[in-house]
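> The sequence shown lines up with residues 960 to 1175 when you count with this note's numbering. Positions of the beta carbon are idealized from the N, C-alpha and C atoms, including for glycine. Sending over a structure as structure tokens; questions will come in a sec.
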Amino acid sequence: MGPFIRNHRYNFIKKQTGIVQQALRTSADPKIVQTVRSSAIAKITEQFPELTGAQRELLEGLAEAKTAEDFQTYLRTLEALVEVFPEVSETGIRKLFPKNKKLKVPDVGAIDRRFVTYLGWHDIATGKMFLVYDYDGRIVGIEGKFTPSHKKSYCFVCNRVSEVGMFSAIAKSRPAKSSPDYYKAVGNYMCMDASACNQSVSETAQLERFIGSVVD
């Protein structure tokens, strides 16, 4: 069986697994635990609209987990089936941002691409953030101004409270007959730490909506 779980869905599975473990620790009522477990399994399988029988059986293995070791084994089994983020070379990344001649590119070879939903990094010198994402089967790059907020708030990508900054990018589309100096900025609060964000993101709808508003 080949990899079929994207990073954000693996994060979702981990969260649901944690909910079941919490129910086992805090509830003495087997019916409550079973209800929580059944709900978690249903939510997990709903993330995958085209499951094979073997894939569904693996995901539903959560039904048998009782001990901490059982849950760890379940997650390790699924971890081996996480898809890698598409390979992008340093040269390929630079081509996504042709106007940035002195672009500082992260060491992509040192990144475990299984646990990447997007590549993101800051250039402190220019006050910019760069983001690379597999958008509808094509690798796109977005750059924009990144202004640290110096406070904690919700990140629009992973929906957790963390140190964030305002990431604002210029939309490429222009209305017909718009003036030469027309531009539209699209912005959202986003995690300062892209690695931590990738470990927490469990859905991509908001991120893809943001990217679409910039590149489409």
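For the segment 1015-1022 and the segment 1049-1060, state whether three or more C-beta atom pairs, one from each stretch, are separated by less than 8 angstroms.
No contact exists between the segment 1015-1022 and the segment 1049-1060.
> Taking DSSP as the reference, what is the three-state secondary structure of residue 1156?
It is helical.
> What three-state label does DSSP hand residue 1145 in the structure shown?
Strand at residue 1145.
> Taking Cβ positions, are residue 1103 and residue 1127 nearer each other than 8 angstroms?
Yes, Cβ-Cβ distance for residue 1103 and residue 1127 is below 8 angstroms.
> For the beta strand (DSSP E) containing residue 1106, list its first residue and its last residue.
1097-1113 is the span of the beta strand (DSSP E), which, as asked, contains residue 1106.
> Is DSSP giving residue 1077 helix, strand or coil here?
Note: residue 1077 maps to coil in three-state DSSP.
> Leaving out five residues before and five after residue 1002 in sequence, what residues of the same chain have Cβ atoms less than 7 angstroms from its Cβ?
Counting only Cβ-Cβ distances below 7 angstroms, and skipping sequence neighbours, we find 975.
> Which value, in whole angstroms, describes the spacing of the CA atoms of residue 1133 and residue 1087?
Looking at the two C-alpha atoms, the distance is approximately 22 angstroms.
> With 16 other CB atoms within 10 Å as the buried threshold, where does residue 1094 fall?
With 16 or more Cβ atoms within 10 Å of its Cβ, residue 1094 is classed as buried.
> Are residue 1138 and residue 970 touching if we call contact CB-CB under 8 angstroms?
The answer is no: Cβ separation not under 8 angstroms.
> Which runs of the alpha helix (DSSP H) spanning at least 4 residues fall entirely within the segment 964-998, listed in chain order?
For the segment 964-998, whole alpha helix (DSSP H) runs of length 4 or above, ordered along the chain, are 966-985.
> Residue 1037 and residue 964 look like a contact to me (Cβ under 8 angstroms); what is the Cβ gap, rounded to whole Å?
Correct: roughly 6 angstroms between the Cβ atoms.
> So, helix, strand or coil for residue 1046, using DSSP?
Looking at residue 1046 - three-state DSSP - the assignment turns out to be coil, as it is neither helix nor strand.
> For a quick check, are the C-beta atoms of residue 1147 and residue 1115 less than 8 angstroms apart?
For residue 1147 and residue 1115, yes; Cβs fall inside 8 angstroms.
> How big is the Cα-Cα spacing for residue 1013 and residue 973?
Whole-angstrom Cα-Cα distance: 20 angstroms.
> What is the DSSP secondary structure of residue 1129, reduced to helix, strand or coil?
Three-state result, residue 1129: strand.
> Can you tell me where the beta strand (DSSP E) holding residue 1091 begins and where it ends?
Residue 1091 -> beta strand (DSSP E) spans 1087-1094.
> Where do the ends of the alpha helix (DSSP H) carrying residue 1172 lie?
From DSSP, the alpha helix (DSSP H) with residue 1172 extends over 1164-1174.
> Among all the DSSP beta bridges, which residues are the ones paired with residue 1150?
DSSP lists 1123 as partners of residue 1150.
> Just to confirm my understanding: we take residue 1065, look at its own chain, exclude 5 residues before and 5 after, and list those with CB closer than 6 angstroms. What are they?
So the list reads 1080, once near-sequence residues are dropped.
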